[in-house]
Amino acid sequence: MAWYIGYFFVYFGIVFGFGIYYYFKVKDSDDYLIAGWNMGFWPIVGTIISTFCGAAVFIGWVGMGFSVGMSGFFEFALPAYFFTLILVVFFAKQLRRQKLYTLADLFSERFGGKLGIFPSVLSAFIYAVPTLALQIVGMSTVFNIAFGMEPQTGILVAFALILGFTILGGLPATIITDALQSIVLTIGIVVLFIASLNYSGGIGEVLENTPAHYLTPFGEQGGLAVLIFALSVGPFYLIWQSTWQRIFAARTEEVAKKAGLTAIAIGTAISILPYAIGVMARQYVPSDIDPDLIFSYVTVELLPPFIGGLVLVGLLSALMTGANSFILQGSSNLTQDLYARMINPHADNRKMMFVSRLTVVIISVLGLMIAFQVQDIVTLYQWALRLSAVTLVLPFLAIMFWRGVTTAGALSSMVLAGAVTIIWPYFKEEIIAGFSNMTADILAADTIEVITAFFDETIVGFLTSFIVLIVVSLLTKHSKAENVKAVYKEDFNTRT
């Protein structure tokens, strides 16, 4: 325990040192929320890696590797990086050029302030809050592993540490500490990988004793199932505000693009390791273990404290960077999209700084409240991810490429796609059964199985979004509040 205490004191001492430094350095809300659009190459690289390789790397992805094997990488991690690559390659320069704060900011500039409320509320309350709660609970788990702290006490301690750091330095402190934490978490996952390789008896032993489907890209469920899952989660990363904030915070358009590409390359390589750790763990952990407990089992039961402490600090780094990012995501939505646009457009810097820090507290407290009701938070998170994707991805692409999209088209698309995605699961089985019976004499059984696999609620939601967006936009006219531009080639010129 002495090693753990020493590591934790050093880690939090450094983190809060940066927080205090930026508390005195940050002078306005632009600095606090978006780092003054002035961050350099390596800080952006580090913060993107840290945000991507969060607690999921140490806990969720290791557990996925144990449960389904390397196919988990192709189901979840690779689609996330692939769609982020599309975002960076095709949109980073265009988005950075607008000097915006949030995803909702883009919608507000294009359609007028009121339409931005929908993506803002979705981003702040449906996504950022429950995801923050996951980080709080994850940190309390670390405190339980290291010190035997009771879960509820650990949640309160985690909340205090996360809120204290975030409220001090805002996004500049988060990005700089993220850059340092990316090194720490990379060391932690590499140490865990080497330890797993040692305990499993080496690569040869793993390959010989592991069933083949744990080692293949498509696993036991097959290529179609992996593809459907990838398509249901991957598109979200086109509109993931944590990445958007890093693009906006970059000093120049070139920095935004080059740093993003570098981070994606490094992050993809790192993300292979947790799945491999999960596969290797099948050789040396109890077969009936909860997959989410593999990390703590290896760290505490197998590794000596001076090494296990490093791994725990790596996990803490991942949790802290995720928590800070999600708080500031929600804070930016409330401050810029709601307060500055809707309530007080002429607020001075003093008021904006006050509201920025106040909304940090609001998002943090909401995250704390959900953290105490953690029973089904993972399901809530998955729904938040998919709901965000089906409602926002296609309207975002329309903003970038199609001048013809109207306010009515975008709003109808978001509302109806969200509604269909929510209610579809309640009728899905009956619809599939009806389709199968209706086509049984026409199509082969395997063809019906392939077709019905695409009846996933996320894919149905995307289809609804696409049809409604096109049809309603063609049937309606632009409102007076719209700034009719295709942002891929045209700029708003609001802050340039």
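So the sequence shown is numbered by UniProt numbering: it starts at 1 and just counts up by one. Cβ atoms here follow ideal geometry from the backbone N, Cα and C, with glycine treated the same way.
Using CA atoms only, rank isn't needed, just tell me which of G19, I86, I470 is closest to L238. In the sequence shown, counting from the first residue as 1, residue 238 sits at position 238. It is I86 whose Cα lies nearest to the Cα of L238.
Could you tell me the alpha carbon to alpha carbon distance between M352 and N344, rounded to whole angstroms? By 1-based counting over the sequence shown, the position of residue 352 is 352. By 1-based counting over the sequence shown, the position of residue 344 is 344. Looking at the two C-alpha atoms, the distance is approximately 9 Å.
Quick one: Cα of V184 to Cα of G267, how far? In the sequence shown, residue 184 corresponds to position 184, counting from 1. In the sequence shown, residue 267 corresponds to position 267, counting from 1. Roughly 14 Å separates the two Cα atoms.
Assuming contact is defined by CB atoms lying nearer than 7 Å, are G409 and A128 in contact in what I supplied? Position 409 of the sequence shown holds residue 409. Position 128 of the sequence shown holds residue 128. Not in contact: G409 and A128 (Cβ atoms no closer than 7 Å).
In the DSSP assignment, what residue or residues form a beta bridge with residue 502? Summary: the structure shown does not reach residue 502, with the chain confined to residues 1 through 496, and so no result is reported for it.
Going by the beta-carbon positions, is the gap between T321 and D178 smaller than 7 Å? Residue numbering aside, residue 321 sits at position 321 when the sequence shown is read from its first letter. Residue numbering aside, residue 178 sits at position 178 when the sequence shown is read from its first letter. In this structure, D178 lies closer than 7 Å to T321 by Cβ.
C-beta contact flag for L78 and S388 at 7 Å: Taking the first residue of the sequence shown as 1, we reach residue 78 at position 78. Taking the first residue of the sequence shown as 1, we reach residue 388 at position 388. Not in contact: L78 and S388 (Cβ atoms no closer than 7 Å).
For a quick check, are the C-beta atoms of F83 and A259 less than 7 Å apart? Position 83 of the sequence shown, counted from the start, is the residue given in the question as residue 83. Position 259 of the sequence shown, counted from the start, is the residue given in the question as residue 259. Result no, Cβ atoms of F83 and A259 do not sit closer than 7 Å.
Check whether G367 and T421 have beta carbons under 7 Å apart: Within the sequence shown, numbered from 1, the residue matching residue 367 stands at position 367. Within the sequence shown, numbered from 1, the residue matching residue 421 stands at position 421. No, the Cβ-Cβ distance between G367 and T421 is not below 7 Å.
Given a cut-off of 7 Å on the beta-carbon distance, is the pair Y275 and F73 in contact? In the sequence shown, counting from the first residue as 1, residue 275 sits at position 275. In the sequence shown, counting from the first residue as 1, residue 73 sits at position 73. The answer is yes: Cβ separation under 7 Å.
When DSSP labels each residue in this structure, what does H346 get in the three-state scheme? Residue mapping note: residue 346 aligns to position 346 of the sequence shown, counting from 1. H346: coil per DSSP, three-state reduction.
Measuring alpha carbon to alpha carbon, tell me which of V484, R110, F24, T464 ends up nearest I167. Here residue 167 refers to the residue found at position 167 of the sequence shown. It is F24 whose Cα lies nearest to the Cα of I167.
Would DSSP call F372 helix, strand or coil? For this step, residue 372 is matched to residue 372 along the sequence shown. In the structure shown, F372 sits in coil (DSSP, three-state: anything other than H, G, I, E or B).
Closest to I136 by C-alpha separation, out of A104, Y199, S364, P235, would be which residue? As a first step, residue 136 must be located in the sequence shown, where it is residue number 136. With distances taken between Cα atoms, I136 lies closest to S364.
Verify whether the separation of the beta carbon atoms of I48 and R246 is less than 7 Å. Start at 1 with the first residue of the sequence shown, and residue 48 comes out as number 48. Start at 1 with the first residue of the sequence shown, and residue 246 comes out as number 246. In this structure, R246 lies closer than 7 Å to I48 by Cβ.
A146 to Q241 span [Cα, whole Å]: In the sequence shown, the residue the question calls residue 146 occupies position 146. In the sequence shown, the residue the question calls residue 241 occupies position 241. Taking the straight line from one Cα to the other gives about 32 Å.
Let's test the definition: count the other Cβ atoms within 10 Å of the Cβ of D288 and tell me whether it reaches 16, buried, or not, exposed. Counted from its first residue, the sequence shown places residue 288 at position 288. It counts as exposed.
Nonlocal neighbours in the same chain, by C-beta distance under 6 Å from S29, ignoring five residues either side: The count along the sequence shown starts at 1 and reaches residue 29 at position 29. Same-chain partners within the cutoff: M352, M353, S356.
Would you mind stating whether I448 and R110 have Cβ atoms separated by less than 7 Å? Along the sequence shown, one-based indexing puts residue 448 at 448. Along the sequence shown, one-based indexing puts residue 110 at 110. No, the pair does not count as a contact, with Cβ atoms beyond the cut-off.
Can you tell me whether A104 is buried or exposed, with buried defined as 16 or more other CB within 10 angstroms of its CB? Translated into the one-based positions of the sequence shown, residue 104 becomes position 104. By the 10 Å Cβ count, A104 comes out buried.
Identity of the residue in F295, A417, E490, F401 nearest T141 by Cα: Here residue 141 corresponds to residue number 141 of the sequence shown, with the count starting at 1. Residue F295 is the option with its Cα nearest to T141.
Tell me which same chain residues have a C-beta within less than 6 Å of the C-beta of V405, skipping the five on either side of it? As a position in the sequence shown, residue 405 is number 405, starting the count at 1. Once the five neighbours on either side are set aside, the close Cβ partners of V405 are A398, S473.
Would you say G434 touches the ligand FAD, meaning its beta carbon is less than 6 Å from a heavy atom? Among the ligands in the structure shown, none appear at all, so the ligand FAD cannot be discussed.
Of the residues G219, A347, L328, D290, which one's Cα is nearest the Cα of I175? Within the sequence shown, numbered from 1, the residue matching residue 175 stands at position 175. Ranking the options by Cα distance to I175, first place goes to L328.
Terminal residues of the alpha helix (DSSP H) in which K25 lies: As a working mapping, residue 25 is identified with position 25 in the sequence shown. From DSSP, the alpha helix (DSSP H) with K25 extends over 2 to 25.
Could you check if I442 is buried or exposed, using at least 16 other CB atoms within 10 Å of its CB as the buried criterion? The sequence position of residue 442 within the sequence shown is 442, counting from 1. The residue in question, I442, is exposed, as its Cβ has fewer than 16 Cβ neighbours within 10 Å.
Quick check: the Cα distance between V450 and L416, rounded to an integer number of angstroms? Against the sequence shown, residue 450 aligns to sequence position 450. Against the sequence shown, residue 416 aligns to sequence position 416. Answer to the nearest angstrom: the Cα atoms are 26 Å apart.
Using 8 Å as the threshold, is the segment 13 to 21 in touch with the segment 155 to 174, meaning 3 or more CB pairs across them? yes
Integer Cβ distance of I370 from P130, believed to fall under 8 Å: One-based indexing of the sequence shown puts residue 370 at position 370. One-based indexing of the sequence shown puts residue 130 at position 130. Going by Cβ atoms, the distance from I370 to P130 rounds to 6 Å, so yes, they are a contact pair.
In angstroms, rounded to a whole number, what distance separates the CA positions of T216 and G69? As a working mapping, residue 216 is identified with position 216 in the sequence shown. As a working mapping, residue 69 is identified with position 69 in the sequence shown. In a straight line, the C-alpha of T216 is about 8 Å away from that of G69.
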